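Right, one structure below, let's go through it.
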Amino acid sequence: MKRITTIIIALALFSSCGKNTKENNSNEKKLSINTKKSKTMKKVLFVLTNHEDLGDTGLKTGFWIEEFAAPYYLLKDKGIEITLASPKGGQPPIDPKSNEPDFQTPATIRFNDDKETQEILSKTIKLETVNQADYDAVFYPGGHGVVWDLAEDENSIALIEDFYNNNKPVAAVCHAPAIFKNTKNTDGTSLVNGKKVTGFTNGEEEAVQLTSVVPFLVEEMLKSNGGIYTKKADWSPYAVEDGLLITGQNPASSEPVAELLLEKLK
0 MKRITTIIIA LALFSSCGKN TKENNSNEKK LSINTKKSKT MKKVLFVLTN HEDLGDTGLK
60 TGFWIEEFAA PYYLLKDKGI EITLASPKGG QPPIDPKSNE PDFQTPATIR FNDDKETQEI
120 LSKTIKLETV NQADYDAVFY PGGHGVVWDL AEDENSIALI EDFYNNNKPV AAVCHAPAIF
180 KNTKNTDGTS LVNGKKVTGF TNGEEEAVQL TSVVPFLVEE MLKSNGGIYT KKADWSPYAV
240 EDGLLITGQN PASSEPVAEL LLEKLK
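In this text, residue positions in the sequence shown follow numbering that gives the first Met the number 0: the first is 0, and each later residue adds one.
Have a look at this one:
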């Protein structure tokens, strides 16, 4: 009887051991998968404007919601890790016009219901603390605010040049190609010189009656910097890729720009 009991206990211990071994192997496999995911997950930095005054009009500006939300969700839904930054940090101003009913899209509606993303947006990190080595690409949403601050911001200029010189994509949409006003190649020429680019058109700026308000026109600046500027009909979706530079013409071009960036990251 004692021998039978001993055998039963031994079998139980063996069974328990086997179970523990399987559980350990399973946990190790999960850890390996998670480690692999963390190593392969791409990281994109979004840089937003902090400028909120629309020239001397007394009106407010900032970043355009669709130009943030459409790329943000397209990339996030594909497993891209996104960090938000701005020159001053904290909550970047939203252009109030982009909140109007006529400018709502599925992405903006999703954003307006997304308290988690709104909370993240309210705590953007300061641009001066950013290191390009931590990211695989940088993306600039537009909005009129960009032509005042990010076009001239020394940290932004240095960051773009750093990304470019380290063979990492730089993407911008609508007014955001204004960021290339002062960026340079290592030989001192403009970063967009000889590159295919697009951005908010002269006609689109005229249509919103801000030609005499903005400090410069995006289309004219890109051309004067040697960019090979192309465009489609005003308000048509249009995105251009040339090497590491990806640019979009207007708000409707936000998702096409993000799609090109996603392909580049693959």
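Glycine included, each C-beta is placed from N, C-alpha and C at the ideal position. All of these numbers come straight from a predicted model, not from anything done at the bench.
{"query": "Buried or exposed (CB count within 10 angstroms, at least 16 for buried), S25", "result": "With a pLDDT of only 49 at S25, under the threshold of 50, the placement of this residue in the model should not be trusted; the figure read from the coordinates follows. Looking at its Cβ environment, which holds fewer than 16 other Cβ atoms inside 10 Å, S25 is exposed."}
{"query": "Check whether A175 and P140 have beta carbons under 8 angstroms apart", "result": "yes"}
{"query": "Three-pair Cβ contact test at 8 angstroms for the region 133–149 versus the region 100–119", "result": "no"}
{"query": "Proximity winner among M40, E203, L190 and G54, relative to K231 (alpha-carbon distances)", "result": "E203"}
{"query": "Per DSSP, cross-strand counterpart(s) of D241", "result": "L244"}
{"query": "Span separating the alpha-carbon of K265 from that of I108", "result": "28 angstroms"}
{"query": "Cα-Cα separation, N130 to D76", "result": "24 angstroms"}
{"query": "Per DSSP, the bridge partner or partners of T123", "result": "G89"}
{"query": "Through-space distance from K114 to A251, alpha-carbon basis", "result": "24 angstroms"}
{"query": "Cutoff 8 angstroms; reference S14; Cβ partners in own chain excluding five residues on either side", "result": "Residue placement at S14 is flagged as unreliable, the pLDDT there being 47, under the threshold of 50; the coordinate-derived value follows with that caveat. Nothing listed; no residue qualifies."}
{"query": "Continuous beta strand (DSSP E) stretch holding F179: start and end", "result": "Per DSSP, F179 belongs to no beta strand (DSSP E) and is neither H nor E."}
{"query": "Coil, strand or helix - A150 by DSSP", "result": "coil"}
{"query": "Where F62 falls: helix, strand or coil (DSSP)", "result": "strand"}
{"query": "Whole-angstrom distance between D133 and G144, CA atom to CA atom", "result": "26 angstroms"}
{"query": "Cβ pair count under 8 angstroms reaching 3, the region 82–96 against the region 122–129", "result": "yes"}
{"query": "DSSP state of E347 mapped onto helix, strand, coil", "result": "Any question about residue 347 goes unanswered here, given that the chain covers just 0 to 265."}
{"query": "Local conformation of F45 per DSSP, three classes", "result": "strand"}
{"query": "V191, buried or exposed, once every other Cβ within 10 Å from all chains shown has been counted against 16", "result": "buried"}
{"query": "Beta-carbon gap between E254 and A69 smaller than 8 angstroms", "result": "yes"}
{"query": "Host alpha helix (DSSP H) of A206 (start-end)", "result": "N201 to A206"}
{"query": "Classification of K180 by the beta-carbon crowding that lies within 10 angstroms, buried from 16 upward", "result": "buried"}
{"query": "Proximal residues to F110 (C-beta, below 7 angstroms), its chain only, five neighbours per side dropped", "result": "I64, A68 and T116"}
{"query": "Straight-line Cα distance separating D186 from V98", "result": "The residue you asked about is not Val; residue 98 is Asn in the sequence shown. Distance between the alpha carbons of N98 and D186 is about 42 angstroms."}
{"query": "For Y139, three-class secondary structure by DSSP", "result": "strand"}
{"query": "Own chain partners of D55 with C-beta closer than 8 angstroms, once the 5 adjacent residues on each side are dropped", "result": "V212"}
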